[in-house]
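Mapping of the sequence shown onto our numbering: position 57 corresponds to residue 57, and the numbering continues sequentially without gaps.
C-beta: ideal position from N, C-alpha, C; glycine also.
Below is one structure, written out as structure tokens, with a few remarks after it.
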Amino acid sequence: MSSSEDNSSQSENFEFNNYKSLVSAEIELIQRVFEIRQNFSNSPDSECIVEPILQRISNIRSEKLILEKKFNLI
Numbered sequence: 001m002s003s004s005e006d007n008s009s010q011s012e013n014f015e016f017n018n019y020k021s022l023v024s025a026e027i028e029l030i031q032r033v034f035e036i037r038q039n040f041s042n043s044p045d046s047e048c049i050v051e052p053i054l055q056r057i058s059n060i061r062s063e064k065l066i067l068e069k070k071f072n073l074i
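Following this line, the structure appears as structure tokens:
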């Protein structure tokens with residue numbers, strides 16, 4: 001295997017590991033939002049707490065979409 005092929009393979013491995021991390025983070029954050037909404041269901045502050053988490057989930061989904069297209073996962 002040539003050096004450029006090796007670098008390309010390492011880059012793809014890094015990107016795929018990044019994708020797996022994004023999936024894990026998305027799942028964890030969705031669970032946190034669910035827990036917060038359950039525990040603070042009668043609190044008007046719950047949405048203030050949840051909003052930044054939902055924004056991060058949205059960002060993660062955007063990042064994932066780029067990688068899904070690159071790896072032909074969609």
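| Check | Outcome |
| --- | --- |
| DSSP three-state assignment for I3, whether helix, strand or coil | Here the sequence assigns Ser to residue 3, which means Ile is not the residue at that position. Helix at S3. |
| Beta-carbon proximity check, L29 vs I57, cutoff 7 angstroms | yes |
| Three-state secondary structure (DSSP) of L67 | helix |
| P52 (DSSP reduced to helix, strand or coil) | helix |
| Which listed residue (V23, D45, F40 and Q31) has its alpha carbon closest to that of N59 | V23 |
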